[in-house]
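Chemist: Below: one structure in structure tokens.
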Amino acid sequence: MAEVDLSDAEKIFIKHGVQDNCREDGRGCEDYRHIELETGLLSNTTGSARVRLANTDILAGVKAELGTPSPDKPNKGRLEFFVDCSANATPVFEGRGGEELAAEIGNILTRTYDCPSCFDLEALCIIPEEQCWILYVDVLLLECGGNLFDVASIAVKAALYNTKIPKVTVSRDEGLVELEISDDPYDVQRVEVQSAPCIVTVCKIGHSHVVDASLKEEACCLARLTMGVTERRTVTGVRKEGSGSLDPASLEDMMQTGKRVGELLNKSLMDSLLEEERQGSKKKPVGFLK
Amino acid sequence: MPTDSRRINGPEDSFDPSVLLVDKKTREKILRDGKRKDGRKPEQVRPIFLKAGIISQARGSAYIEQNETKVMCAVYGPREVTKKEEFSMKGQLTCEFKFATFSCRVRRQYQQDNEERDYSCQLQDALEPAVRMDKFPKAQVNVYVTVLQNDGSPLAASLTCASVALANAGIEMYDLVVGCSARITPSEVFIDPTESEDYKAENDNEAGNGSVTLGLMPSLNQVSAITSKGEVEFELLNKGTKQCVDVCQKLYPVLQQAVAKAVEDRLSSDHVT
Amino acid sequence: MDIRVSAAAKDRDTRSHVEEIENLVTPGDIITSDSGFMRGHGTYNSEDDRLLASVAGVVERVNKLICVKPLKTRYNGEIGDVVIGRIIEVQQRRWKVETHAKLDSSLLLSSVNLPGGELRRRSEEDEKMMREYLKEGDLISAEVQSVFADGSLSLHTRSLKYGKLGQGTLVQVSPSLIKRRKTHFHHLPCGATIILGNNGYVWICPTETEEMDQTGGYELNLKPVQRSDREVVARLRNCVQLLAAQKMQLYDTSVLYTYEASLNFKIKDILKPEIGLEILEQTQHRLEIEGT
Numbered sequence: 025m026a027e028v029d030l031s032d033a034e035k036i037f038i039k040h041g042v043q044d045n046c047r048e049d050g051r052g053c054e055d056y057r058h059i060e061l062e063t064g065l066l067s068n069t070t071g072s073a074r075v076r077l078a079n080t081d082i083l084a085g086v087k088a089e090l091g092t093p094s095p096d097k098p099n100k101g102r103l104e105f106f107v108d109c110s111a112n113a114t115p116v117f118e119g120r121g122g123e124e125l126a127a128e129i130g131n132i133l134t135r136t137y138d139c140p141s142c143f144d145l146e147a148l149c150i151i152p153e154e155q156c157w158i159l160y161v162d163v164l165l166l167e168c169g170g171n172l173f174d175v176a177s178i179a180v181k182a183a184l185y186n187t188k189i190p191k192v193t194v195s196r197d198e199g200l201v202e203l204e205i206s207d208d209p210y211d212v213q214r215v216e217v218q219s220a221p222c223i224v225t226v227c228k229i230g231h232s233h234v235v236d237a238s239l240k241e242e243a244c245c246l247a248r249l250t251m252g253v254t255e256r257r258t259v260t261g262v263r264k265e266g267s268g269s270l271d272p273a274s275l276e277d278m279m280q281t282g283k284r285v286g287e288l289l290n291k292s293l294m295d296s297l298l299e300e301e302r303q304g305s306k307k308k309p310v311g312f313l314k
Numbered sequence: 368m369p370t371d372s373r374r375i376n377g378p379e380d381s382f383d384p385s386v387l388l389v390d391k392k393t394r395e396k397i398l399r400d401g402k403r404k405d406g407r408k409p410e411q412v413r414p415i416f417l418k419a420g421i422i423s424q425a426r427g428s429a430y431i432e433q434n435e436t437k438v439m440c441a442v443y444g445p446r447e448v449t450k451k452e453e454f455s456m457k458g459q460l461t462c463e464f465k466f467a468t469f470s471c472r473v474r475r476q477y478q479q480d481n482e483e484r485d486y487s488c489q490l491q492d493a494l495e496p497a498v499r500m501d502k503f504p505k506a507q508v509n510v511y512v513t514v515l516q517n518d519g520s521p522l523a524a525s526l527t528c529a530s531v532a533l534a535n536a537g538i539e540m541y542d543l544v545v546g547c548s549a550r551i552t553p554s555e556v557f558i559d560p561t562e563s564e565d566y567k568a569e570n571d572n573e574a575g576n577g578s579v580t581l582g583l584m585p586s587l588n589q590v591s592a593i594t595s596k597g598e599v600e601f602e603l604l605n606k607g608t609k610q611c612v613d614v615c616q617k618l619y620p621v622l623q624q625a626v627a628k629a630v631e632d633r634l635s636s637d638h639v640t
Numbered sequence: 699m700d701i702r703v704s705a706a707a708k709d710r711d712t713r714s715h716v717e718e719i720e721n722l723v724t725p726g727d728i729i730t731s732d733s734g735f736m737r738g739h740g741t742y743n744s745e746d747d748r749l750l751a752s753v754a755g756v757v758e759r760v761n762k763l764i765c766v767k768p769l770k771t772r773y774n775g776e777i778g779d780v781v782i783g784r785i786i787e788v789q790q791r792r793w794k795v796e797t798h799a800k801l802d803s804s805l806l807l808s809s810v811n812l813p814g815g816e817l818r819r820r821s822e823e824d825e826k827m828m829r830e831y832l833k834e835g836d837l838i839s840a841e842v843q844s845v846f847a848d849g850s851l852s853l854h855t856r857s858l859k860y861g862k863l864g865q866g867t868l869v870q871v872s873p874s875l876i877k878r879r880k881t882h883f884h885h886l887p888c889g890a891t892i893i894l895g896n897n898g899y900v901w902i903c904p905t906e907t908e909e910m911d912q913t914g915g916y917e918l919n920l921k922p923v924q925r926s927d928r929e930v931v932a933r934l935r936n937c938v939q940l941l942a943a944q945k946m947q948l949y950d951t952s953v954l955y956t957y958e959a960s961l962n963f964k965i966k967d968i969l970k971p972e973i974g975l976e977i978l979e980q981t982q983h984r985l986e987i988e989g990t
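Line by line, the protein sequences are chains A, B and C.
The numbering of the first sequence is the working numbering, which starts it at 25 and goes up by one.
The numbering of the second sequence is the working numbering, which starts it at 368 and goes up by one.
The numbering of the third sequence is the working numbering, which starts it at 699 and goes up by one.
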């Protein structure tokens, strides 16, 4: 991650601020910065979204391809995550520099989506054991300004919401299976994301914890908890990261916070996705002109 | 995915026949009746055999056996960091987690796959809080964990094993780390699940199924690692973590004993020679 | 929680008066074919002796000297500038300091005040203590003492107003946004001190009491900052960022006016684009009326 080096006094200032519930930009511990999002801005994808939070800028694209289901899950499609840290974001990512971070984000996304109840893979199956849709979700980091995990998960959920897979009709003719893929842009299958999780990262700073940490705050944080939270307030894929430890009581507090914030996050994400859809073609695309 | 050009891998399109056998009975049983195949109570762990100092050439090592789950771990270092980075007063800890190719029901590859790399990171995050990294500046300690046989809860076993190996290597630590796993069903929590009991995304379609693994530093009462899979209710997750903490506390003496035993053995053998 | 659709926040190019800037050039533009002028920064002579621009920016002329001032640039230091820098390395008898210049600046051991303001030759003892004075990551305020041949800067902190910085927050903006003033240290009436470094680094901290102010930063006050002071610092920080985001010049009056205009809003709301614009409009209006 783009490292920030802070002096001890700055760290103390941030720590006490968190304790006081007044962070360096005046936010409280459970406040998010405002997020801007746009979907459907990449024409070569089945679904796409760009999410911007302060300086963090993440682009997610979904590509649907046909493939065979894996033998242990014959009636399910597949969802695969790839994360790419562009050296545009910071020179640190040049070459293999971003790989570790990319793998970390990819693993967490995989883990949080890895439960049948929050993402329905069966809907992606066309013919059991033979044909299914494989959704490749590519996440591209354009700029890093802290809180990458949360933003990546928002971008992924928005891109999946935007995904429109062409309808497939299966006809069997003398034992031969024929697939016909519709080329009508309105004859499409949507992906159900209502119950998909959003990731909330709760950072432990001093004796308190915050959500949506800025880069400076991340530099003060020894242990953080990433957790996927669904709209139903269930938790998917918790994980502690960093070199610090947590006492059991504050662990519970942090999970509580994550759950509470995650619920709100899911709700307002869905609201704004619906809002964008409602605007429909009236809305002027923004793209990257900003 | 990089392929291994120096080894002859199995045919690419082969798959394990056992996936076709449906192992639903035990799963249903654990879910429906709350009874476990091996007759344990929900909060009961499998018997543990733990021994430190089994690899003679490593600086420190340990072996753990929980019925059919068998893990060994070796620790090397501290030694000079090969990859020079910026000046730092802290040492480095590297962890490598590997399933032996024959250790699981499905054959593993020689190269680390994503799951193993993920486990490696988790081991590192879990051990770092316990190790006094400031005591070996500019140097690194390497922890290698090999799962010989996997019958559920490999990460928890590895955690326990690795911390004992670190202690056995004489690396300065704040505390040991004890690992514990729990399987969470929509209604109950089962401690230390076996492979057939454990959560699998492909089989557990209902919401509320999942598992959690926790690492605890018992004498400081600090959680050094927590990771969960599946979608679970918050209350049950919380209950699961609390039970894991309790179990870890109970297992602590076993670890202490193993570390102390290794020291005793060393002392008595020195005496003889 | 505030997630919005990008398009909805798009009507922001409505800032009414964007004056046409006259002498704007891009690299390769011919500034003059007259050979009587002197070539300054940001320009070059073509083979047929015409003067061409090498950066995008505004042409400036001082008598016969023509230079192009780029709109976005790294910091080009000048002697006497006040800068804020971060220590990145402790070396033999000097510290390497990051000041947003092209090359890292240095702060020589002989150009700092010793603790307690003692005046004497630097001993070997002092050399060993260097990391105790300033270590990697520490922030300092300093003045540019001289420019080395390679263009890197040599700094000094030999005045009690310079030295190590304590608790507070740093905002990084483009150096061209900092307006050159007689003083860059401002104790604002709202209870905070702001240092507008010429290098685009802005330091905001609660104003210290008199006696604490004069230690050259060796004894830092690490006691928790009062909640009210903290809010002032946070508000100022957001205001400075707001000004910088809209490419407005930063100086004591503009910062103070923005601060005062922002008082009607919650601190965290200043970050929202529409509120930010409203505050800036008010500020701009007031600046124009008062002609400062």
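Just so it is clear, CB atoms sit at the ideal spot from N, CA and C, and this is done for glycine as well.
Along chain C, which residues have their Cβ under 8 angstroms away from the Cβ of A220(A)?
Modeler: For the purposes of this step, residue 220(A) is taken as residue 196 along the first sequence, with counting starting at 1. Going along chain C, no residue has its Cβ under 8 angstroms from A220(A), so there is no contact; the nearest lies around 15 angstroms.
Chemist: Near Q623(B), what residues of its chain come up, given a Cβ to Cβ distance below 6 angstroms and the 5 sequence neighbours on each side ignored?
Modeler: Taking the first residue of the second sequence as 1, we reach residue 623(B) at position 256. Contacts found: none.
Chemist: Rounded to whole angstroms, what is the Cα-Cα separation between G420(B) and A532(B)?
Modeler: Here residue 420(B) refers to the residue found at position 53 of the second sequence. Here residue 532(B) refers to the residue found at position 165 of the second sequence. Going from the Cα of G420(B) to the Cα of A532(B) covers about 7 angstroms.
Chemist: Any C-beta of chain C sitting closer than 7 angstroms to the C-beta of I36(A)?
Modeler: In the first sequence, counting from the first residue as 1, residue 36(A) sits at position 12. For I36(A), the answer is yes, since a Cβ of chain C falls inside 7 angstroms of its Cβ.
Chemist: Since V756(C) and K767(C) should fall inside the 8 angstroms C-beta cutoff, what is the C-beta to C-beta distance between them, to a whole number of angstroms?
Modeler: Against the third sequence, residue 756(C) aligns to sequence position 58. Against the third sequence, residue 767(C) aligns to sequence position 69. Contact holds; Cβ gap of about 5 angstroms.
Chemist: May I ask which residues mark the beginning and end of the alpha helix (DSSP H) holding S292(A)?
Modeler: Start at 1 with the first residue of the first sequence, and residue 292(A) comes out as number 268. From DSSP, the alpha helix (DSSP H) with S292(A) extends over P272 to Q303.
Chemist: Would you call the stretch 521 to 529 of chain B in contact with the stretch 477 to 484 of chain B, where contact means no fewer than 3 C-beta pairs closer than 8 angstroms?
Modeler: no
Chemist: Do the CB positions of F173(A) and T250(A) come within less than 7 angstroms of each other?
Modeler: As a working mapping, residue 173(A) is identified with position 149 in the first sequence. As a working mapping, residue 250(A) is identified with position 226 in the first sequence. Cβ atoms of F173(A) and T250(A): closer than 7 angstroms.
Chemist: Could one say the Cβ of E598(B) lies closer than 7 angstroms to chain A's Cβ atoms, at least one of them?
Modeler: The sequence position of residue 598(B) within the second sequence is 231, counting from 1. Yes, contact with chain A.
Chemist: Could you have a look at V544(B) and say whether DSSP puts it in helix, strand or coil?
Modeler: Within the second sequence, the letter at position 177 stands for residue 544(B). DSSP places V544(B) in coil when its eight states are reduced to three.
Chemist: By DSSP, does F735(C) sit in helix, in strand, or in coil?
Modeler: One-based indexing of the third sequence puts residue 735(C) at position 37. Looking at F735(C) - three-state DSSP - the assignment turns out to be coil, as it is neither helix nor strand.
Chemist: Just verifying my parser: in three-state terms, what is the DSSP assignment at Y955(C)?
Modeler: By one-based count along the third sequence, residue 955(C) stands at place 257. Helix at Y955(C).
Chemist: With a CB to CB cut of under 8 angstroms and the five nearest residues on each side skipped, what residues in its chain are close to D277(A)?
Modeler: Here residue 277(A) refers to the residue found at position 253 when the first sequence is read from its first residue. Within the same chain, Cβ atoms closer than 8 angstroms to the Cβ of D277(A) are found at H233, the five residues on either side in sequence being excluded.
Chemist: Under a Cβ-count criterion, where at least 16 other Cβ atoms within 10 Å of its own Cβ denotes burial, should G122(A) be classed as buried or exposed?
Modeler: Counted from its first residue, the first sequence places residue 122(A) at position 98. With 16 or more Cβ atoms within 10 Å of its Cβ, G122(A) is classed as buried.
Chemist: Nearest to V224(A) by CA position, among K283(A), S206(A) and D207(A), is which residue?
Modeler: To locate residue 224(A), count along the first sequence from 1; it is residue 200. Among K283(A), S206(A) and D207(A), the Cα nearest to that of V224(A) belongs to K283(A).
Chemist: Taking S804(C) as part of the beta strand (DSSP E), name the residues at either end of that continuous run.
Modeler: Residue numbering aside, residue 804(C) sits at position 106 when the third sequence is read from its first letter. S803 to L806 is the extent of the beta strand (DSSP E) around S804(C).
Chemist: Identify the contact partners of L275(A) in chain B, using a Cβ-Cβ distance below 8 angstroms as the criterion.
Modeler: Counted from its first residue, the first sequence places residue 275(A) at position 251. The contacting residues are V590, I593 and T608.
Chemist: What separation, rounded to the nearest whole angstrom, lies between the Cα atoms of Q213(A) and R925(C)?
Modeler: Within the first sequence, residue 213(A) is the residue found at index 189, counting from 1. Within the third sequence, residue 925(C) is the residue found at index 227, counting from 1. Taking the straight line joining both Cα atoms gives about 53 angstroms.
Chemist: Is there a C-beta anywhere in chain A that falls below 7 angstroms from the one on T991(C)?
Modeler: A question about residue 991(C) goes unanswered here, because the residues of chain C that appear run from 699 up to 990.
Chemist: For E255(A), which residues from the same chain have a beta carbon less than 8 angstroms from its beta carbon, with the 5 sequence-adjacent residues on both sides left out?
Modeler: Within the first sequence, residue 255(A) is the residue found at index 231, counting from 1. The beta carbon of E255(A) sits closer than 8 angstroms to the beta carbons of Q218, S219, E287, N290, K291 and M294 from its chain, once the five residues preceding and following it are set aside; these are given in chain order.
Chemist: Measure from the C-beta of A26(A) to each C-beta in chain C and report whether the shortest distance is under 7 angstroms.
Modeler: In the first sequence, counting from the first residue as 1, residue 26(A) sits at position 2. Confidence is the limiting factor: at A26(A) the pLDDT is only 46, short of 50, which leaves the residue's position unreliable, though a coordinate-based value still follows. No, its Cβ sits nowhere closer than 7 angstroms to a Cβ of chain C.
Chemist: Out of curiosity, what's the CA-to-CA distance linking T114(A) and K39(A)?
Modeler: Locating residue 114(A) in the first sequence gives position 90, where the first residue counts as 1. Locating residue 39(A) in the first sequence gives position 15, where the first residue counts as 1. Cα to Cα, T114(A) sits roughly 27 angstroms from K39(A).
Chemist: For E495(B), I'd like the list of residues in its chain whose CB is within less than 7 angstroms of its CB, leaving aside the five on either flank, ordered along the chain.
Modeler: Position 128 of the second sequence, counting from 1, holds the residue named residue 495(B). Correct list, in chain order: L460.
Chemist: What residues in the stretch 507 to 535 of chain B bring their beta carbon closer than 7 angstroms to a beta carbon of chain A?
Modeler: none
Chemist: Is it buried or exposed, L297(A), if we count other Cβ atoms within 10 angstroms and call 16 or more buried?
Modeler: In the first sequence, residue 297(A) corresponds to position 273, counting from 1. Of the other Cβ atoms in all chains shown, 16 or more fall within 10 Å of the Cβ of L297(A); this residue is therefore buried.
Chemist: How many Å lie between N919(C) and K240(A) at the Cα?
Modeler: Residue mapping note: residue 919(C) aligns to position 221 of the third sequence, counting from 1. Residue mapping note: residue 240(A) aligns to position 216 of the first sequence, counting from 1. Roughly 20 angstroms between the two C-alpha positions.
Chemist: For A932(C), return the contacting residues in chain A, with the cut-off set at a CB-CB distance below 9 angstroms.
Modeler: Translated into the one-based positions of the third sequence, residue 932(C) becomes position 234. Neighbours of A932(C) on chain A, chain order: G41, C46, R47, E48, D49, G50 and R51.
Chemist: Can a CB atom of chain C be found closer than 7 angstroms to the CB of H58(A)?
Modeler: To locate residue 58(A), count along the first sequence from 1; it is residue 34. True, the Cβ-Cβ gap to chain C drops below 7 angstroms.
Chemist: Using 7 angstroms as the threshold, is the C-beta distance between N535(B) and A627(B) below it?
Modeler: Within the second sequence, residue 535(B) is the residue found at index 168, counting from 1. Within the second sequence, residue 627(B) is the residue found at index 260, counting from 1. In this structure, A627(B) does not lie closer than 7 angstroms to N535(B) by Cβ.
Chemist: Can you name the residues of chain A whose CB is closer than 7 angstroms to the CB of M699(C)?
Modeler: Working through the third sequence from its first residue, we reach residue 699(C) at position 1. Near M699(C) (Cβ distances below 7 angstroms), the residues of chain A are Y56, L288, L289 and S292.
Chemist: Closer than 7 angstroms, Cβ to Cβ, to anything on chain B: give me those residues from the stretch 136 to 147 of chain A, in chain order.
Modeler: For the stretch 136 to 147 of chain A, which is checked against every Cβ of chain B, the residues closer than 7 angstroms are D138, C139, P140, S141 and C142.
Chemist: Any beta carbon from chain C within less than 7 angstroms of D29(A)'s own beta carbon?
Modeler: Position 5 of the first sequence, counting from 1, holds the residue named residue 29(A). Taking Cβ atoms only, chain C reaches closer than 7 angstroms to D29(A), which makes this a yes.
Chemist: Between which two residues does the alpha helix (DSSP H) carrying I36(A) extend?
Modeler: Counting from one through the first sequence, the residue named residue 36(A) turns up at place 12. Segment D32 to Q43, the alpha helix (DSSP H) holding I36(A).
Chemist: Do we get a CB-CB distance below 7 angstroms when we pair P73(A) with the residues of chain C?
Modeler: Stepping through the first sequence from its first residue, residue 73(A) is reached at position 49. Looking at the sequence provided, one finds Ala at residue 73(A) rather than Pro. No, its Cβ sits nowhere closer than 7 angstroms to a Cβ of chain C.
Chemist: Using the DSSP secondary-structure output, state which residues sit across from F466(B) in a beta bridge.
Modeler: As a working note, residue 466(B) is residue 99 in the second sequence. Per DSSP, V514(B).
Chemist: Provide the residue span of the alpha helix (DSSP H) that contains F173(A), from first to last.
Modeler: For this step, residue 173(A) is matched to residue 149 along the first sequence. Here the alpha helix (DSSP H) through F173(A) covers L172 to N186.
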